[in-house]
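Be aware that the sequence shown starts at 3, since it is given in the numbering used here, and climbs by one per residue.
The beta-carbon is built from N, C-alpha and C at its ideal position, and this holds for glycine as well.
Worksheet for the structure shown next.
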Amino acid sequence: MKDHLIKATANGVRMYAAVTTKLVNEGIRRHQCNPVAAAALGRTMTGALLMAANLKNKECITVKFNGDGPLGNVVADASPDGYVRGYVDHPYVDLPLNNGKIAVGEGIGAGIVSVTRFTGLRDTVTGTCRIATGEIAEDLTRYLYVSEQTPSSIGLGVLVGKDLKAIAAGGFFIQPMPGLADEVLTKLEKNLAELRPVSEMIGEGLDGRGIITEALKGFDVNYFETIDLIFKCQCSKQRIEGILMSLNEKELESLVEDGHAEVCCHFCGEKYQFNKDELVALINVSKELKKRKNK
Ligand code: ZN
């Protein structure tokens, strides 16, 4: 099954569901995550995709968990057209299971979750909220309520196998629209209380539509667009050159002396190699630019 996100509405309720198993595995592979980091990164990337699905086309968001747990920062960038990238500061951290479950909350610790919306214009909007449990889904639900005054419910799940790969990953986002009748809200709450874990549903082969059908049992559901989801970073050798050129001359010259530089993209783990000739060329361009600036 391809990774995807599907949108639906039903009796005054908006719902998105996503299957993200492949892109979570791409994140695990790129950052060589142990299970705690795999689950934290997978849930954060899936949550970011679900929250980004609400945005306009050129907008994107960054979700950042800045906790005091051993994982360090857990960060994901997502756009409404289905692209996501993310990283964990310390992907090798290993923690014992907590009541048979991956100890994501312990890995994240206490701190702040922040969500930054890039509008494509100059201004960015950042909202923050205290991390409640570090289990990601609860924190994002709480963030939307506290910081954006949007009552909603987010469910996220990543099932990690013995081979350290994700067997099933995905999530959903449900939002009652303003003015929803009390009896509909009660029915929705009952459905959600009875809903199986999302990773279990995906593990059984359910797609996004299947998850929505189960969550909105008894509702009159209208399905809208389906978006393909993929792990994709915006880095390129050219962008990394720009970062190298922002170093001072001494730092660049010491790289030339080494005869080689390897720069790793923090977001996707991609490694870029620069040989001596390329580094010398960068120094020359950097000197030339400085000369022009000083004129
Ligand atoms: Zn990258």
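For residue i, which beta-bridge partners are listed by DSSP?
i: residue 171; result: 160
i: residue 68; result: 75, 114
i: residue 155; result: 176
i: residue 262; result: 277
i: residue 85; result: 232
i: residue 48; result: Per DSSP, none; premise fails for residue 48.
i: residue 63; result: 80, 119
i: residue 131; result: 115
i: residue 224; result: 11
i: residue 19; result: 8, 174
i: residue 2; result: As shown, the chain starts at 3 and ends at 297. That puts residue 2 outside it, with no answer to give.
Mapping DSSP to helix, strand and coil, what is residue i?
i: residue 204; result: helix
i: residue 33; result: helix
i: residue 197; result: coil
i: residue 124; result: coil
i: residue 278; result: helix
i: residue 9; result: strand
i: residue 103; result: strand
i: residue 362; result: Coverage of the chain is limited to positions 3 through 297, which leaves residue 362 absent and any answer about it impossible.
i: residue 145; result: helix
i: residue 216; result: helix
i: residue 90; result: strand
i: residue 250; result: coil
i: residue 238; result: coil
i: residue 245; result: helix
i: residue 186; result: helix
i: residue 285; result: helix
i: residue 43; result: helix
i: residue 26; result: helix
i: residue 140; result: helix
i: residue 291; result: helix
May I have the straight-line CA-CA distance separating residue i from residue j, to the nearest angstrom?
i: residue 37; j: residue 286; result: 45 Å
i: residue 141; j: residue 292; result: 46 Å
i: residue 202; j: residue 173; result: 11 Å
i: residue 277; j: residue 261; result: 6 Å
i: residue 166; j: residue 90; result: 16 Å
i: residue 206; j: residue 145; result: 30 Å
i: residue 280; j: residue 169; result: 42 Å
i: residue 21; j: residue 158; result: 10 Å
i: residue 176; j: residue 35; result: 29 Å
i: residue 113; j: residue 133; result: 5 Å
i: residue 115; j: residue 273; result: 29 Å
i: residue 99; j: residue 75; result: 21 Å
i: residue 221; j: residue 214; result: 10 Å
i: residue 138; j: residue 117; result: 13 Å
i: residue 184; j: residue 40; result: 39 Å
i: residue 240; j: residue 247; result: 11 Å
i: residue 79; j: residue 200; result: 22 Å
i: residue 193; j: residue 219; result: 7 Å
i: residue 264; j: residue 282; result: 15 Å
i: residue 77; j: residue 268; result: 10 Å
I'd like to check one pair, residue j with residue i: are the Cβ atoms closer than 8 Å?
i: residue 154; j: residue 130; result: no
i: residue 6; j: residue 229; result: yes
i: residue 102; j: residue 69; result: no
i: residue 49; j: residue 26; result: no
i: residue 51; j: residue 231; result: yes
i: residue 13; j: residue 186; result: yes
i: residue 44; j: residue 171; result: yes
i: residue 217; j: residue 197; result: yes
i: residue 210; j: residue 32; result: no
i: residue 30; j: residue 225; result: no
i: residue 15; j: residue 182; result: yes
i: residue 82; j: residue 61; result: yes
i: residue 233; j: residue 86; result: yes
i: residue 23; j: residue 204; result: yes
i: residue 73; j: residue 54; result: no
Residues whose Cβ lies closer than 6 Å to any heavy atom of the ligand ZN, in chain order = Any residue whose Cβ sits closer than 6 Å to a heavy atom of the ligand ZN makes the list: 235, 237, 267, 269, 270, 272.
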